[in-house]
Amino acid sequence: MELHYTQAAFEQLSELPAKTRERIAAKVDFYAAQTDPLEFAQPLSGYAGYRFRVGDFRIIFEIVADKIVIVAITKRDKAYRDL
Numbered sequence: 001m002e003l004h005y006t007q008a009a010f011e012q013l014s015e016l017p018a019k020t021r022e023r024i025a026a027k028v029d030f031y032a033a034q035t036d037p038l039e040f041a042q043p044l045s046g047y048a049g050y051r052f053r054v055g056d057f058r059i060i061f062e063i064v065a066d067k068i069v070i071v072a073i074t075k076r077d078k079a080y081r082d083l
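Using the UniProt record's numbering, read the sequence shown as starting at 1 and increasing by one per residue.
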């Protein structure tokens with residue numbers, strides 16, 4: 001699947017340390033390359049989206065027209081507050 005980042009998600013990713021940023025980007029690329037990336041995702045309750053887990057980070061995303069749109073990249077303790 002094609003992968004897109006919202007402006008907010010891109011800014012959140014760019015604020016992280018380089019090593020963390022690389023780890024998250026590699027894992028998201030891996031998920032997007034799979035035949036069924038939702039196999040690795042958990043649906044969010046109360047929000048029409050999904051999440052990937054990468055260590056202590058949660059990658060919140062939506063599927064839009066066969067594209068993965070990354071909406072937010074945040075630590076686990078803050079991931080669901082603003083949805």
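Using N, Cα and C, we set each Cβ at its ideal position, and we do this for glycine too.
CB residue i to CB residue j, shorter than 8 Å?
i           : j     : result
Ile60       : Pro37 : no
residue 100 : Val28 : Coverage of the chain is limited to positions 1 through 83, which leaves residue 100 absent and any answer about it impossible.
Ala26       : Ala72 : no
Ala48       : Glu62 : yes
Gln34       : Thr74 : no
Can you give the Cα-Cα distance for residue i and residue j, rounded to whole angstroms?
i     : j     : result
Lys23 : Phe10 : Reading off the sequence, residue 23 comes out as Arg, not Lys. Roughly 15 Å separates the two Cα atoms.
Tyr50 : Val64 : 12 Å
Any C-beta of chain C sitting closer than 8 Å to the C-beta of residue i?
i     : result
Ala65 : Protein chains in the displayed structure number just one, and chain C is not present.
Using three-state DSSP, classify residue i as helix, strand or coil.
i     : result
Ala72 : strand
Thr35 : coil
Leu13 : helix
Tell me, please, which residues DSSP counts as bridged to residue i.
i     : result
Arg51 : Gln42 and Ile60
Lys78 : Answer is none; Lys78 lacks a bridge partner.
Leu3  : Ile68
Could you check which residue in the options has the C-alpha nearest to that of residue i?
i     : options                       : result
Met1  : Phe40, Arg53, Glu15 and Asp66 : Asp66
Ala41 : Phe52, Glu62 and Ala32        : Phe52
Arg21 : Glu62, Lys78, Asp77 and Arg58 : Arg58
Gly55 : Arg76, Leu16, Gly46 and Glu39 : Arg76
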